[in-house]
Structures are given as C-alpha cells and as structure tokens.
Amino acid sequence: MLEDKNPQRTSLEHLGEFGLIDHLTKNFDIKHKSTLTSIGDDAAVLNFKNKHIVVTTDLLVEHVHFDLSYMPLKHLGYKAVIVNLSDVYAMNANATQITVSIAVSNRFPLEALEDLYAGIETAAKLYNIDVVGGDTTSSNKGLIISVTAIGEVEKEDVVLRSGAKPNDLLVVSGDIGAAYMGLQVLEREKEVFKVNPQNQPDLSMYTYIIERQLKPEARKDIVELLKALEVKPTSMIDISDGLSSEIMHLCTKSEVGVELYENKIPLDPQVISTCEEFEIDSTTIALNGGEDYELLMTISQEDYPKIKGNPNLTVIGFITEKDRGMHLITRGEQAIPITAQGWNAMKNEE
Ligand code: ADP
Ligand code: MG
91 MLEDKNPQRT SLEHLGEFGL IDHLTKNFDI KHKSTLTSIG DDAAVLNFKN
141 KHIVVTTDLL VEHVHFDLSY MPLKHLGYKA VIVNLSDVYA MNANATQITV
191 SIAVSNRFPL EALEDLYAGI ETAAKLYNID VVGGDTTSSN KGLIISVTAI
241 GEVEKEDVVL RSGAKPNDLL VVSGDIGAAY MGLQVLEREK EVFKVNPQNQ
291 PDLSMYTYII ERQLKPEARK DIVELLKALE VKPTSMIDIS DGLSSEIMHL
341 CTKSEVGVEL YENKIPLDPQ VISTCEEFEI DSTTIALNGG EDYELLMTIS
391 QEDYPKIKGN PNLTVIGFIT EKDRGMHLIT RGEQAIPITA QGWNAMKNEE
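Using our numbering, read the sequence shown as starting at 91 and increasing by one per residue.
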C-alpha cells in the first residue's frame, strides 16, 4: 500500500514558492500527445483535435472532507486525484490531464507535501494522466487541495445523466457501501486511540473496507470494458454520495422513475459482517454511504446479453415511466419511496 516514510521536517520557508513548486513537480513526465506544454508557463497548452473535452473539479478541505489523524497524506493525494478521474469516467470519457492546487500552512514540513505529491504521482502513473499545472498558496490553518481533471471523448460517445429511458436496466459496477463502513471502523479506532494510545488495533478483518475508504479507485476499467463490449450506457453517474442520491440524480435529469431491488444490491462480505457488528442495516449503508466511486448507469434492454454474467456489472433495477415514482423493492416485496435520506425513511418502516 501507500506508506508515509518521511520522518524529517524541512521548513517550507527555506524553499520559497517557486522552489517548492519545482521540487514537488520535478518528476512529472508528459504521457499524452494532447499535452503540448505543461507546468512552467502561465498556462498549459492542450490540443484535442476533434474530440470533445470534459472538465471537472473538486475541492477537499481538511476537517471537512478528510482527517489527517487517520488519512496519510500520500493517500490523500491519491484520493484527491481519484475522485476527479471518477467524474471524468462517468462521462464515458478518458481522463488525460489534471491540475493540482494546494493551500498549506507552515505546520506542514516539506516532507509532508512530498508525501502528498507522491500519492498524486502514483495516481497519475496508474491512470496515465499528465499533471499540467496548479497553484500553490498559504493557508492559516488547515490544508486545502483542489484538483481539476480534463478528459477527452469522441462526440458520439458522451454519456450524460439525462439519457435514461423507461425499460432500461439500472446497472452498477463493483460493490457498494464499503468505503462508508471503512470510515466507521477508522472513526471508532480513532476514539479508542484517544483513550489508550498504546493500543495496537487489529484491523485485519477490515482490510477491504478500510482500503476502499483510504485508497479508492476510479473505474477507468469499466469505461474500457463497456467499449469492448460495445455497450454505450443511456445515462451514467459516479457514486460519490450514496446510491439513493445518485439514482435520484439520474431519474430527475432523465425524467423517469425507477424500481431498485434490495436483493440485487452488490455488497462485499466484509460490508455485511461489519454492518452486523455495528448493528446497522447494510441496505441503508449501500443507499446512503457514499464515496464508493463506482459507476451507476442505465443500459438498453437490447444490450443485456452483452453484460450478462459479467462479474464487474450487476443489474439492480429497471427504469419506469416518471409517474411510477422511484422505489426500493425490499426483500419482503414492499415498495419504499427512495429519498435522499433513505436512512430515516427506512427506519420508519421498521
Ligand atoms: P502564476 O503566478 O502564473 O499563477 P505560478 O507561479 O503559480 O504561476 O505557477 C508556475 C507554474 O507552476 C504554472 O505552470 C503552474 O500551473 C504550476 N504550478 C503551481 N503550483 C503548482 C502545484 N501545486 N502543482 C502543480 N503545478 C503547479
Ligand atoms: Mg499561481
């Protein structure tokens, strides 16, 4: 995994802004022909010829979006890139460049920023991305990191949230709920650590869910798989805020309804066992957890034979006319309206 191994503390003041930028970005190489010029001028110059360009940006603020007491900086850098790439892939596009902007206080030594950038570099290598610019400034207290991702897509391949049609199948990649349960375990261990710092927790039974929280991946592979299978989704979105809120986005934008089947929602065994341990309902977690960075899409029924049996893709429901509304069909065959706070809605049913 990604280890932090920078015990030294070099003050940022010794470097100055330009020295710092040079130091942090010296290893970034150029991988794409579309990157004509990169870091070191007033702006990067990109040339995408006839392709459509997608642009997306995310801002991560310390104490709001991440907690450095259990989020190593290297993982934070990695995750800051991943959450943006996920948005690019959700457009059925290929991510090509990012810019990275940081605001840091002098409580961070150079070594901390090296760790942050090591995570960024690892993600850029793995996902074949050029880092083409950014901005560096100071902050009074916390760390702020903003990444902008740029991607390319053939005009006819763009997939929006708005294209779902009645009778389309609702499909999700991978499994969901794990990142949220990983966070629950990390939060619990943080509290235990506060009381007893000598305590060495055994987290071996939570490795998958913790990794999903600390080192999420973006589903570039799913975009490639869909292309290979010759399936163009009718609509698509990435799951950052939980299944129910993303389903609502697709249905609202597409002006359709949905039936989601509780017994089809893909859950990892560690999610199920950790939910039992925490005495929370695993469906509630899948619906409301978030940070899964899986892709949620609708596909035409005609394409079903192409995805049937593929372990990466699960059919979890189907699209209806708008006036049928949005419902979760439970294991007991009850229809429960899907809301942004499905948590409360489901509690009331019990
Ligand atoms: P400007 O004064 O024009 O904003 P900067 O001195 O901020 O220029 O940046 C110089 C170059 O370094 C630019 O190419 C910019 O995109 C890049 N850059 C600045 N900060 C970062 C960063 N944190 N990560 C990557 N590239 C950066
Ligand atoms: Mg600048």
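Think of the CB as a built atom: it goes at the ideal place given N, C-alpha and C, for glycine as much as any other residue. Everything numeric in this text was worked out from a predicted model, so none of it was measured.
Taking the Cα of Val194 as reference, the smallest distance to any Cα among Leu316, Leu102 and Glu345 is reached at Leu102. Under the three-state reduction of DSSP, His417 is assigned to strand. Taking Leu216 as reference, the option from Lys169, Glu366 and Leu403 with the minimal CA-CA separation is Lys169. The beta carbon of Thr147 sits closer than 6 Å to those of Thr238, all from its chain and outside the five residues before and after it, given in chain order. Contact between Lys164 and Leu126 is absent: CB atoms are separated by about 30 Å, not below the 8 Å threshold. It is roughly 12 Å from the alpha-carbon of His113 to the alpha-carbon of Ile129. For Asn184, no alpha helix (DSSP H) run applies; the uninterrupted beta strand (DSSP E) run containing it begins and ends at Asn184 to Val194, by DSSP. The closest heavy atom of ligand 1 lies less than 7 Å from the beta carbon of Gly130. In the structure shown, the three-state DSSP call for Glu152 is strand. Every unbroken stretch of the beta strand (DSSP E) spanning 3 or more residues and falling wholly within the region 235-299 is given here in chain order: 259-263.
Taken through DSSP and simplified to helix, strand or coil, Pro323 comes out as coil.
In this chain, the beta strand (DSSP E) harbouring Phe408 covers Leu403 to Thr410. Listed in chain order, the non-local C-beta contacts of Thr410 below 7 Å within the same chain comprise Pro256, Val346, Gly347, Val348 and Glu349, local neighbours out to five positions each way being set aside. Distance from the C-beta of Thr125 to the nearest heavy atom of ligand 1 is not below 7 Å. Per DSSP, the continuous beta strand (DSSP E) segment holding Asp220 begins and ends at Asp220 to Ser228. Using a Cβ-Cβ distance cut-off of 8 Å, the region 167-181 and the region 230-249 are in contact, since at least three pairs of beta carbons, one from each stretch, lie closer than that value. The shortest CA-to-CA distance from Asp258 to any of Ile120, Arg421, Ile370 and Leu386 is the one to Leu386.
Fully contained in the region 332-406 are the following beta strand (DSSP E) runs of length 3 or more, in chain order: 347-351 and 385-389. For the set Met295, Asp247 and Ile355, the Cα lying nearest the Cα of Pro323 is the one of Asp247. Residue pairing by DSSP places Pro427 opposite His417 in a beta bridge. Between Ile266 and Leu333, the CB-CB gap stays under 8 Å.
Burial check for Asp131: the Cβ neighbour count within 10 Å stays below 16, so the residue is exposed. With a cutoff of 7 Å, Ile192 counts as near ligand 1, since its C-beta is closer than that to a heavy atom of the ligand. Taking 8 Å as the cut-off, the beta carbon of Val261 is found closer than this to the beta carbon of Thr404. Annotation for Val221 indicates a beta carbon within 7 Å of some heavy atom of ligand 1. The beta carbon of Phe108 sits closer than 7 Å to at least one heavy atom of ligand 1.
Relative to ligand 1, Thr100 has its C-beta separated by 7 Å or more from all heavy atoms. For Leu126, no alpha helix (DSSP H) run applies; the uninterrupted beta strand (DSSP E) run containing it begins and ends at Thr125 to Thr127, by DSSP.
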